[in-house]
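> Structure in structure tokens, see below.
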Amino acid sequence: MATHNETGKKGEELAANYLAEHGFEIIEKNFRWKRYEIDLIVKKEPFLVFVEVKTKTNISYGMPEDDVTPQKASQVMAAAEEYIYATGWKKEIRFDIISIIMKGQQVNIEHIVDAFY
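So in the numbering used here, spot 88 of the sequence shown is number 266, and the numbers just go up one at a time.
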């Protein structure tokens, strides 16, 4: 597995643990629809939250959340729409980003609530 894939996998694990520690119920990890993927789907009443996780070990070229492009946001929203339809979810939804910077043993996690629409 390439280093960036390992970093991403570790970031998703850290994000899931972070959210669970903050009262979110983990519903799905790596939900796929067609060629799109949602990293985490979590619930904390009244919200179903679709979470994009971005992890970097070097921020020379920008913060992790900067990598959530309008195209990526659109893909997450399309997959979320399918998930909502398939599960019959009728309450509130939102889209969050978990931004993670890992430098050696030091980890900085930022939870960006309602990051895109």
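We put the beta carbon where it would ideally sit given N, CA and C, even for glycine. In this text the structure is predicted, and so the values were computed from the model without any measurement.
1) Three-state secondary structure (DSSP) at D244?
2) Which two residues bound the contiguous beta strand (DSSP E) that contains T233?
3) Does DSSP put Q283 in a helix, in a strand, or in coil?
4) What is the DSSP secondary structure of S252, reduced to helix, strand or coil?
5) Tell me M220's beta-bridge partners as DSSP assigns them.
According to the structure data:
1) Here residue 244 corresponds to residue number 66 of the sequence shown, with the count starting at 1. Note: D244 maps to helix in three-state DSSP.
2) Here residue 233 is taken as the residue at index 55 of the sequence shown, counted from 1. Residues F225 to K234.
3) The sequence position of residue 283 within the sequence shown is 105, counting from 1. Per DSSP, reduced to three states, the secondary structure at Q283 is coil, with no helix or strand assignment.
4) Looking up residue 252 in the sequence shown gives position 74. Three-state DSSP puts S252 in a helix.
5) Your numbering for residue 220 matches position 42 in the sequence shown. Before going on, a small fix: residue 220 reads as Val here, not Met. Looking at the DSSP output, V220 shares a beta bridge with I204 and V227.
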